[in-house]
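These protein sequence lines are chains A and B, in that order.
Each number in our numbering comes from the position in the first sequence (counting from 1) with 303 added on.
Each number in our numbering comes from the position in the second sequence (counting from 1) with 303 added on.
Beta carbons are placed, not taken as given, at the ideal position from N, Cα and C, and that holds for glycine.
Notes to accompany the following structure.
There are 2 protein chains.
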Amino acid sequence: MIKLEKVDKIYKVGAEDVHALRRFDFTIDKGEYIAIMGPSGSGKSTLLNILGLLDVPTNGVYLFNNEDVTVMSDARLAEFRNKRVGFIFQTFNLLPRTNALHNVELPLIYGKKSPAARKGIALEALEAVGLGDRWKHKPNELSGGQRQRVAIARAIVNEPEIILADEPTGNLDSKTGAEIMDIIDNIHRKGNTIILVTHEDYIADHADRIIHLLDGQIESDKRRE
Amino acid sequence: MIKLEKVDKIYKVGAEDVHALRRFDFTIDKGEYIAIMGPSGSGKSTLLNILGLLDVPTNGVYLFNNEDVTVMSDARLAEFRNKRVGFIFQTFNLLPRTNALHNVELPLIYGKKSPAARKGIALEALEAVGLGDRWKHKPNELSGGQRQRVAIARAIVNEPEIILADEPTGNLDSKTGAEIMDIIDNIHRKGNTIILVTHEDYIADHADRIIHLLDGQIESDKRRE
Ligand SMILES: Nc1ncnc2c1ncn2[C@@H]1O[C@H](COP(=O)(O)OP(=O)(O)OP(=O)(O)O)[C@@H](O)[C@H]1O
Ligand SMILES: Nc1ncnc2c1ncn2[C@@H]1O[C@H](COP(=O)(O)OP(=O)(O)OP(=O)(O)O)[C@@H](O)[C@H]1O
Ligand SMILES: [Mg+2]
Ligand SMILES: [Mg+2]
């Protein structure tokens, strides 16, 4: 379903080249539940950004259902980003000037639902992450873990087939983190694909397959028995 | 050394009052090593912001060395914030348009050192957190955990007496997190005061005293034997 072949990601900083991903080969089938671990700076967010079409490889190929994404039409790319993929960012990336409800509502705006239905769906997503009573708050009127949960609610509100989650429990206490993992596990049970970056073993243990990165390459790739 | 007496922090959101801290009593002596834990939204960052003079109580008193901070002169308050306290923010708060070295150099700018000495000290702080080869990168050219480490280097560069750290290892793998805890433990051994917010028990175990917050109040306050 998703295939990276010999992908390089090279950033230029001044005169220097930073190799964030190196000759990266990676295949993911529909419905898999994958955890990606590795040291700070090893390429996890870079990999997720490329998978979510938020960034492009410097070299190599990204095939989605055997189709090269670089030759997909703009309409197909937009549909992929807005409807098929839900992205939970490591630094949340909420709109600062609007409240939690509107932030969560955003992915629904291009769909066919009425404004009232959108608000109802967004409110349910906020209730699912324990923030039903915080919908009016703007991001700077929320705690760090609350902002993270708004970002999670926004990623799941469109019921996407693929969840790309970059450290979704990094700012959460263990009880709230467990509630979020219940939501993600449920999405997986419905047949969807989960790719989760985490540095916590007990979070990675929810996945069926654990991949360790080191210096922009795969160091190990193990399936659970 | 630090005393909060019957402190309330009440935010207004539209017509609603949010009680982030409620009748909060808290005493910290010089040289203590305290961990603050509690659920997402329980008031941990609010408490740290008040202790670091980045926010003011709605009611109640904050005494620093028996002096009410609200009657301190502006010069004394500035000295407290810039020289006596090092603050590691939950969301890093780096200057986006300048590189890691300049971000770390910032607290030194009001001191008496030469520009060359400031750069050398800032570079050493970046090397101490494993980022000596990333000093030219701007925040958006760094990974999440690298930005967190720049925020840590900036907080310690002035050798402050009090470190206020809001989830300093939240974006770090366990090995890098352990390296950061070594740095913080060392600062404590020199006689300084550490107040650390974390949701990880193994990080809290570095402290001598662990405080649990719930709904803006202290639920438990235990010293290690
Ligand atoms: N500027 C603000 N305006 C309104 N409410 C706020 C504001 N800042 C914080 N709050 C609310 O105050 C409560 C405490 O927030 P705080 O940031 O201290 O929590 P926290 O314990 O640090 O949580 P986390 O573990 O998620 O970082 C939260 O319920 C939050 O919604
Ligand atoms: N825009 C950029 N320009 C230059 N270098 C970059 C850029 N983005 C990332 N890097 C570098 O690429 C490497 C990989 O970054 P990435 O964000 O993928 O790491 P990560 O594994 O997510 O780390 P963390 O666990 O700290 O979040 C890092 O060394 C980083 O400094
Ligand atoms: Mg990352
Ligand atoms: Mg907080």
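Could you pull out every unbroken beta strand (DSSP E) segment of at least 3 residues lying fully inside the region 482 to 520 of chain B, listed in chain order? Segments of the beta strand (DSSP E) lying fully in the region 482 to 520 of chain B: 496 to 500, 512 to 517.
Just checking: is the beta-carbon of Gln393/A within a distance shorter than 8 Å of some beta-carbon in chain B? Residue contact with chain B for Gln393/A: present (Cβ-Cβ distance below 8 Å to some residue of chain B).
With 16 as the cutoff for other CB atoms within 10 Å, does Thr330/B come out buried or exposed? Thr330/B should be labelled exposed.
How many whole angstroms separate the CB atoms of Val310/B and Pro360/B, which I take to be in contact at a CB cut-off of 8 Å? Contact holds; Cβ gap of about 4 Å.
State the Cα-Cα distance for the pair Gly334/B and Gly423/B, rounded to the nearest angstrom. Gly334/B and Gly423/B: Cα-Cα distance of roughly 28 Å.
Quick check: the region 443 to 454 of chain A against the region 475 to 493 of chain B, are at least 3 beta-carbon pairs closer than 8 Å? Result no; under three Cβ-Cβ pairs closer than 8 Å.
Buried or exposed by the 16-neighbour rule on C-beta atoms within 10 Å, applied to Thr394/B: Burial call: buried.
Since Leu475/A meets chain B, which of its residues come closer than 8 Å, beta carbon to beta carbon? The answer, in chain order, is Ser343, His502.
Just reading off the alpha helix (DSSP H) that Asn461/A is part of, what are its end residues? Bounds of any alpha helix (DSSP H) do not take in Asn461/A, whose DSSP letter is neither H nor E.
Am I right that Leu307/A and Asp332/A are in contact with their C-beta atoms under 8 Å? What's the rounded C-beta distance? Actually they do not touch by this definition, with Cβ atoms about 14 Å apart.
In the DSSP assignment, find the beta strand (DSSP E) that holds Thr330/B and state where it starts and stops. Per DSSP, Thr330/B belongs to the beta strand (DSSP E) from 319 to 331.
Thinking just about the alpha-carbon of each residue, which of Ala419/A, Ser345/A, Tyr314/A is nearest to the one in His502/A? Cα-wise, what sits closest to His502/A is Ser345/A.
Which residues does DSSP pair with Leu467/B in a beta bridge? Paired residues: Phe390/B, Ile498/B.
In this structure, what does DSSP give as the bridge partners for Ile339/B? Bridge partners of Ile339/B according to DSSP: Val500/B, Ile514/B.
Can you pull the DSSP bridge partners for Asp311/B? Paired residues: Asn362/B.
Listed in chain order, which residues of the region 345 to 366 of chain A have Cβ atoms closer than 9 Å to some Cβ of chain B? Listed in sequence order: Ser345, Gly346, Lys347, Ser348, Thr349.
Lys439/B beta carbon near ligand 5 (any heavy atom closer than 7 Å): The model on display carries ligand 1, ligand 2, ligand 3 and ligand 4 but not ligand 5.
Residue interval of the alpha helix (DSSP H) (run including Val407/B): Its alpha helix (DSSP H) spans residues 403 to 408.
Selection from Leu426/A, Val432/A, Asp436/A, Arg384/A that minimises the alpha carbon distance to Tyr413/A: Distance from the Cα of Tyr413/A is smallest, within the candidate group Leu426/A, Val432/A, Asp436/A, Arg384/A, for Arg384/A.
Starting from Gly448/B, find everything on chain A with Cβ-Cβ shorter than 7 Å and list it in chain order. In chain order: Ser343, Gly344.
CA nearest to the CA of Gly355/A, picked from Arg387/A, Leu324/A, Glu370/A: It is Arg387/A.
Measuring only from the beta carbon, is Gly355/A closer than 7 Å to any heavy atom that is part of ligand 1? No, the beta carbon of Gly355/A sits no closer than 7 Å to any heavy atom of ligand 1.
So what does DSSP say about Val526/A, is it helix, strand or coil? For clarity, residue 526/A is Arg in the given sequence; the question names Val instead. Of the three classes helix, strand and coil, the one that applies to Arg526/A here is strand, per DSSP.
Drop a sphere of 10 angstroms on the beta-carbon of Asp377/B, count the other beta-carbons inside from all chains shown, and report buried for 16 or more, exposed for fewer. Asp377/B should be labelled exposed.
Is Ser446/A near ligand 4 - that is, is its Cβ less than 7 Å away from at least one heavy atom of it? It does: the Cβ of Ser446/A is within 7 Å (strictly closer) of some heavy atom of ligand 4.
Using the Cβ count rule (16 or more neighbours within 10 Å means buried), how would you classify Ser523/B? With fewer than 16 other Cβ atoms within 10 Å, it is exposed.
Any idea which residues DSSP pairs Ile305/A with across the strands? In DSSP, Ile305/A forms a bridge with Ile331/A, Phe367/A.
Given a threshold of 16 other Cβ atoms within 10 Å of its Cβ, counted over all protein chains shown, does Glu370/B qualify as buried or as exposed? So Glu370/B ends up on the exposed side.
Exposed or buried, what is Ser398/B when buried is set at 16 or more other beta-carbons lying within 10 Å of its beta-carbon? According to the sequence displayed, residue 398/B carries Leu and not Ser. Note on Leu398/B: under 16 other CB atoms within 10 angstroms of its CB, so exposed under the neighbour-count rule.
Using the C-alpha atoms, what's the distance from Asn495/B back to Asn342/A? The question names Asn, yet the displayed sequence has Pro at residue 342/A. For Pro342/A and Asn495/B, the distance between alpha carbons rounds to 29 Å.
Less than 7 Å separating the Cβ of Thr361/A from some heavy atom of ligand 2? Flag unset: Cβ of Thr361/A not near ligand 2.
Give me whichever residues DSSP pairs with Val316/A in a beta bridge. DSSP lists Glu319/A as the beta-bridge partner residues of Val316/A.
Jot down the residue ranges of each uninterrupted alpha helix (DSSP H) in the region 432 to 462 of chain A, minimum 4 residues, whole runs only, in chain order. If we require 4 residues or more, the alpha helix (DSSP H) runs fully inside the region 432 to 462 of chain A come out as 447 to 459.
Taking Cβ-Cβ distances shorter than 7 Å, what residues in chain A pair up with Tyr314/B? In chain order: Glu444.
Would you say Thr479/B lies against chain A (beta-carbon separation less than 8 Å)? Taking a beta-carbon distance threshold of 8 Å, Thr479/B counts as an interface residue toward chain A.
Under the criterion of a Cβ to heavy atom distance below 7 Å, does Lys312/A qualify as lining ligand 3? No, ligand 3 has no heavy atom inside 7 Å of this Cβ.
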